[in-house]
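Numbering (our numbering), first residue to last: -16 to 257.
Beta carbons: idealized from backbone N, C-alpha and C, even for Gly.
Model, not experiment: these values are computed from the prediction.
See structure below.
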């Protein structure tokens, strides 16, 4: 096992090193970076900080590789987990599935590729994503926090250095804040200001405050793009003999709460299913 882990680590490190070197070479050639921050990606920005003397302690190649790895691991694992939960809820709620597909197909009709501006027009799809994150936050206990000073909450004294876990899963299902809290109802966000950017503490799938998830926007794009494409191009159904209402919502145990059992669906290209 130790040998396999070491081999995997070396392979990942080699890939990350190549990413950094490619960006450094492109910066030197001026093929990707022309001195304007608006044309940088985040690796370019980190290299600029590394080369500058204006930002305090110098960062290293290892620091940059660690940030790249964090972004991809956090942004892809949580996104794929959310996609699975979204499709589970959509297949169990055919009314929502039809409504989401209709919006995507009407708004994006004739387009071969979708960009971020297109996705911003898909209001109902955003409601579907929000409702999925409410019921199935990919990191249900968020990241552990530590009290920097003694405090009191509801009469309980929380000592300094206490490790605190925030149960975002439970908060998102609290009937004091959510009507029909166990039901998948994307429309609840239609005329609501509630958002997941940390200002509404009844809905915190990405945390809140200065320590909320830094990869939130990256993760959301990684959810919206594939979800819109899959809804646009395919019709979905369960295998023969399977009742969608019998599909379970049992979760795995770990840092992320994936569905324990694989979700098997049949995809039919749109237009051929009629």
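Asked                                                                                                                       : Found
Where the beta strand (DSSP E) through residue 219 begins and ends                                                          : 217 to 220
Residue 190 versus 26, 150, 100, residue with shortest Cα-Cα distance                                                       : 150
Buried/exposed call for residue -14, threshold 16 Cβ in 10 Å                                                                : exposed
4-residue-minimum alpha helix (DSSP H) runs that sit fully inside the stretch 81 to 106, ordered along the chain            : 99 to 103
Residue 245 versus residue 73: straight-line alpha-carbon distance, rounded                                                 : 16 Å
For residue 147, the residue or residues it bridges with in DSSP                                                            : 128
Unbroken stretches of the beta strand (DSSP E), 3 residues or longer, contained in the stretch 133 to 206                   : 134 to 136, 139 to 141
Candidates 213, 2, 196, 109: closest to residue 25 by CA position                                                           : 2
Integer Cβ distance of residue 211 from residue 87, believed to fall under 8 Å                                              : 5 Å
Three-way DSSP call (helix, strand, coil) for residue 242 in this model                                                     : strand
Simplified DSSP state of residue 250, which is helix, strand or coil                                                        : strand
Residue burial classification, residue 80 (beta-carbon count within 10 angstroms, cutoff 16)                                : buried
Counted within 10 angstroms of its Cβ, other Cβ atoms place residue 119 as buried (16 or more) or exposed                   : buried
Nearest-angstrom beta carbon gap, residue 239 and residue 61 [assumed within contact, 8 Å]                                  : 6 Å
Segment contact flag, the stretch 97 to 104 with the stretch 196 to 215, C-beta cutoff 8 Å, min 3 pairs                     : yes
Backbone CA spacing between residue 43 and residue 198 [nearest angstrom]                                                   : 21 Å
CB contact flag (residue 243, residue 235, <8 Å)                                                                            : yes
Own chain residues within Cβ distance below 6 Å of residue 223, not counting five before or after                           : none
Whole-Å CB distance - residue 169 paired with residue 179, under 8 Å assumed                                                : The Cβ separation is near 14 Å, so there is no contact.
Nearest-angstrom Cα separation, counted from residue 85 out to residue 164                                                  : 26 Å
Beta-bridge pairing of residue -3 - partner residues as DSSP gives them                                                     : Paired residues: none, contrary to the question.
DSSP three-state assignment for residue 236, whether helix, strand or coil                                                  : coil
Same chain, Cβ closer than 6 Å to residue 196, neighbours up to 5 away in sequence not counted                              : 189, 190
Rounded distance between the beta-carbons of residue 230 and residue 75, thought under 8 Å                                  : 6 Å
Environment of residue 47 [buried if 16+ CB atoms lie within 10 Å]                                                          : buried
Residue 192 versus residue 182 - alpha carbon distance                                                                      : 8 Å
Status (buried if at least 16 other CB within 10 Å, exposed otherwise) for residue 18                                       : Confidence at residue 18 is low in this model, with a pLDDT of 47, below 50, so the placement of that residue should be treated as unreliable; the coordinate-derived value is given next. Label assigned to residue 18: exposed.
Neighbourhood of residue 16 by C-beta distance below 7 Å, restricted to the same chain and skipping five residues each side : Bear in mind that a pLDDT of 46 at residue 16, under 50, signals an unreliable position, so the number given afterwards is only what the model happens to contain. Taken in chain order, the residues that qualify are 9, 10, 22, 23, 27.
Per-residue DSSP class, three states only, for residue 51                                                                   : helix
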